[in-house]
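In my numbering, the protein residues as written are 43 to 332.
And the structure:
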């Protein structure tokens, strides 16, 4: 089929997935309504959109879902999201305020204590890069080169004795070194670079959820034109997908051992805005070849 070259009729949803070592599934959803809809109450009533439903950004919808998840029995420690949410400082501050650690993608133009994140990463020492797996993919381990740096504390928010550490993180393709993705993170003080990489890799799980929910549960196989119809179809498809994910987890072998990850050392380069975490293997190689 040929693309029409214009925006066609569609519905946009904001989804939350829950992921553990045993499996992952979609757990919440919200229909995004642009101002062109919420500002036309007659149009809303024609499609059975409640009068109390007003305009909310995708970040607002995401915050509502996170609050619902926190009020549920689900144990939650980390949040990860793409750059549409990660670049929003209010969203990041919200996560910190509710006590959640996070690793969120940001655009290369994201400012970090002044400079752009891509400019800071370009100044990283070679020893800052280490090859780590972001998790299993369809073709095996998702290996990338990663660089991470600790960011200065913010006295206004962190106090005299910070209980968390902010980071910036970069992921570089092995085969295409010019392809670099960027992240901001906030983590417990004892978190390692490997922990951040593991959480960043979990973002792929929501894509896997979409793929399996569409293929196995008909998530996208609907032609609804009303608000309630969208929620009914999406909710039932998600329920079926969660059931299948739970059944698959029960069939898997128990007691999967957690992989070990290398530790990292801290650099002490002068005049640096950030504190790079150096790859110990690279440092050892440099020490033995000088």
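Idealized CB from N, CA, C, for every residue including glycine.
For residue i, which residues does DSSP report across the bridge?
i	result
residue 153	158
residue 224	148 and 212
residue 186	174
residue 57	71
residue 66	61
Please report how far the alpha carbon of residue i lies from the alpha carbon of residue j, in whole angstroms.
i	j	result
residue 204	residue 77	40 Å
residue 113	residue 220	42 Å
residue 172	residue 160	18 Å
residue 146	residue 213	12 Å
residue 163	residue 189	8 Å
residue 64	residue 116	14 Å
residue 230	residue 84	49 Å
residue 285	residue 167	47 Å
Do residue i and residue j have their C-beta atoms within less than 8 Å of each other?
i	j	result
residue 101	residue 127	yes
residue 90	residue 268	yes
residue 210	residue 233	no
residue 193	residue 206	no
residue 107	residue 130	no
residue 137	residue 154	no
residue 256	residue 59	no
Pick helix, strand or coil for residue i, following the three-state DSSP scheme.
i	result
residue 71	strand
residue 121	strand
residue 229	strand
residue 143	strand
residue 260	coil
residue 292	helix
residue 191	strand
residue 179	strand
residue 87	helix
residue 205	coil
With residue i and residue j assumed to form a contact (beta carbons below 8 Å), what rounded beta-carbon distance in angstroms separates them?
i	j	result
residue 56	residue 103	4 Å
residue 244	residue 61	5 Å
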